[in-house]
Structure formats: C-alpha cells, structure tokens
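Okay, so here's the structure we're looking at.
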Amino acid sequence: MTDAHIAFDDVSCVVDDVPILRSVTARLSARRTAVIGANGSGKSTFARMMNGLRQPTSGSVRVLGLDPAAEGMRVRSRVGFVFTNPEAQILLPTPAEDLALSLGSVPRAMRATRVEQILEQYGLAGRGDQPVSELSGGQRQLLALAAVLCTDPQLVVADEPTTLLDLRNARRIADLLLGLAVPTVIVTHDLDLAARCDEAVLFDDGRLVAIGAPPGVIEMYRRLSA
Ligand SMILES: Nc1ncnc2c1ncn2[C@@H]1O[C@H](COP(=O)(O)OP(=O)(O)OP(=O)(O)O)[C@@H](O)[C@H]1O
Ligand SMILES: [Mg+2]
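Residues 87 to 312 (this note's numbering) make up the sequence shown, in order.
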C-alpha cells in the first residue's frame with residue numbers, strides 16, 4: 087500500500103539487550119488511528135520512533151515518506167507531536183508568549199487576536215499572561231496541545247493527550263483531535279476514545295498483535311487483559 091502516512095517494516099528496538107519492540111510491521115492510512123495496549127507494551131516507543139526520538143535497531147520507519155532517524159527536522163516541521171510530558175514542549179514563560187511563538191508565520195498584527203481565540207478554544211481563556219509554572223498539569227497539557235495544533239501540521243501524533251485532563255477537557259480535546267482533517271495517531275488508555283477512531287492498533291509485550299476496526303481490536307485487548 088503506498089498511501090500509508092506511516093509505515094513500519096519489520097521494526098525492532100533493543101535497549102540494553104532487552105527487546106522493547108519486536109518485528110513491528112504496520113501501514114497506517116486511516117484518518118484516525120488509536121494505539122492501545124498494556125503499560126510497557128511499546129506504544130510510546132512506537133510513537134517516539136515516528137519523530138526520531140527513538141531509533142530502530144533494525145527495520146525501517148517512514149513518516150510521510152521520510153525517515154525520522156535521518157530527516158528528523160523535516161519530519162518535525164510537518165508532523166505535530168504531543169507527548170505525555172507537557173513541560174518538555176512549553177518553551178516560554180506564559181501561554182500567550184508560547185502560542186505567539188508557535189504562530190510565527192501569522193502576521194504580527196493578527197497574532198494577539200489569534201492567541202486569544204486559541205486560549206478560548208482550549209479552555210484557557212484569561213490565562214494568557216499567567217506564568218506557565220502556575221498552571222495546573224492539565225492546563226499545561228492543553229497549552230502544549232494548542233501550541234502544536236495551531237501550527238496546522240500535516241499529521242498529528244499524540245501520546246496520551248487526555249491523561250491529565252478532567253472529563254470536560256478530555257472530551258474537548260478528544261473531540262478536537264478526532265475532528266482534525268489531517269491523519270491523527272492517538273496513543274491512549276481511554277477505550278471510549280479508541281472506539282471513536284477509524285482504526286486501532288494493539289500492542290502486547292513489544293509486538294503489534296492486532297490492527298483493524300476498533301471494536302474487534304478493543305475486544306482482543308480486553309481478552310488479553312482478563
Ligand atoms: N530508555 C529506555 N531504556 C530502557 N527501557 C526502556 C526505555 N524506554 C522504554 N523502555 C521499556 O520499553 C518498554 C515499552 O515502553 P513504552 O514506554 O513504549 O510502553 P507504553 O506501552 O507506552 O507504556 P505506558 O502505557 O505505561 O505508557 C517498557 O518495558 C519500558 O520499560
Ligand atoms: Mg506510554
């Protein structure tokens with residue numbers, strides 16, 4: 087299949103002689119893909135390989151046709167990555183400054199208005215000038231997501247984007263991610279969110295053990311976990 091936005095071919099990853107991904111082959115071409123599985127099964131490793139944060143010991147990874155290990159900059163300029171630790175992604179002291187930095191390509195005169203719109207959209211209205219250090223964990227996660235998504239990436243990879251969020255914000259972010267026009271990969275333990283995707287991938291002990299329509303894959307995960 088050539089229209090896959092993400093392609094893993096026989097990818098293994100060994101760290102300190104311990105295999106953490108084992109011969110993973112996957113073609114992701116659905117608009118919304120959920121990645122599910124137990125703690126330590128390899129989901130984040132799979133996601134981190136998509137932006138070159140982790141490199142395969144063997145096999146090949148292609149993201150939008152690019153090799154993230156060799157062309158990391160080009161991949162990161164096209165793909166929006168949202169990882170579990172929001173602190174690592176917030177660069178400036180306040181939400182307004184951080185968003186303005188992400189909006190570098192927006193004409194200066196329009197930037198402040200756009201920042202206000204984004205703060206509102208992400209449940210952070212009125213917090214533009216509050217020091218990031220004083221935001222709650224969930225508010226930081228919302229900001230990290232906003233800063234990535236406002237750059238209009240061609241592909242989005244999010245690792246547990248709703249983990250720190252309350253019900254209302256989890257729903258807000260889930261709706262937002264699921265409504266994106268670009269292909270989106272969501273690593274999640276939220277099986278309701280996974281069920282709303284077009285395709286699901288199941289990891290178990292470093293292996294990709296199922297890929298297909300979410301209901302069947304979720305059912306298999308439930309059976310594996312029983
Ligand atoms: N840098 C590392 N060094 C050694 N082992 C690692 C490293 N990173 C991950 N691992 C191991 O690889 C395995 C897979 O980790 P990974 O973070 O991909 O799991 P996960 O499926 O995302 O789990 P969770 O649901 O808890 O986030 C785990 O056993 C983990 O301990
Ligand atoms: Mg993880």
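Even glycine gets a Cβ: it sits at the ideal position worked out from N, Cα and C. Here the structure is a predicted model, which means the values were calculated and not measured.
Using 8 Å as the cut-off, classify the Cβ of residue i as near or not near the heavy atoms of ligand 2, replying yes or no.
i	result
Val-273	yes
Thr-170	yes
Ser-311	no
Ser-130	yes
Do residue i and ligand 1 come close, with the Cβ less than 8 Å from some heavy atom?
i	result
Ala-124	yes
Tell me the rounded alpha-carbon separation between residue i and residue j.
i	j	result
Met-87	Leu-152	Per-residue confidence for Met-87 stands at a pLDDT of 43, beneath the threshold of 50, marking its modelled position as unreliable; no derived number is given.
Val-161	His-91	12 Å
Phe-167	Val-234	7 Å
Leu-210	Gln-225	7 Å
Glu-202	Gly-138	33 Å
Met-121	Ala-281	For the record, residue 121 in the displayed sequence is Val; it is not Met. Going from the Cα of Val-121 to the Cα of Ala-281 covers about 11 Å.
Asp-103	Leu-310	26 Å
Asp-284	Pro-300	7 Å
Pick from the options: whose alpha carbon is nearest that of residue i?
i	options	result
Gln-207	Lys-129, Ser-144 and Cys-236	Cys-236
Gln-141	Leu-107, Thr-170 and Ser-127	Leu-107
Gly-298	Cys-99, Asp-102, Thr-119 and Ser-109	Thr-119
Ala-267	Leu-279, Leu-277, Tyr-307 and Gln-240	Gln-240
Asp-252	Ser-222, Ile-272 and Leu-264	Ser-222
Cβ atoms of residue j and residue i: under 9 Å apart, would you say?
i	j	result
Arg-148	Pro-269	no
Gly-158	Asp-95	no
Asp-245	Ala-133	yes
Ala-124	Phe-289	yes
In chain order, what are the residue ranges of uninterrupted beta strand (DSSP E) at least 3 long that sit wholly in the segment 229 to 279?
241 to 245 and 270 to 273
* To do: Ignoring anything shorter than 4 residues or poking outside the segment 112 to 147, list the alpha helix (DSSP H) runs there in chain order.
  => 129 to 135
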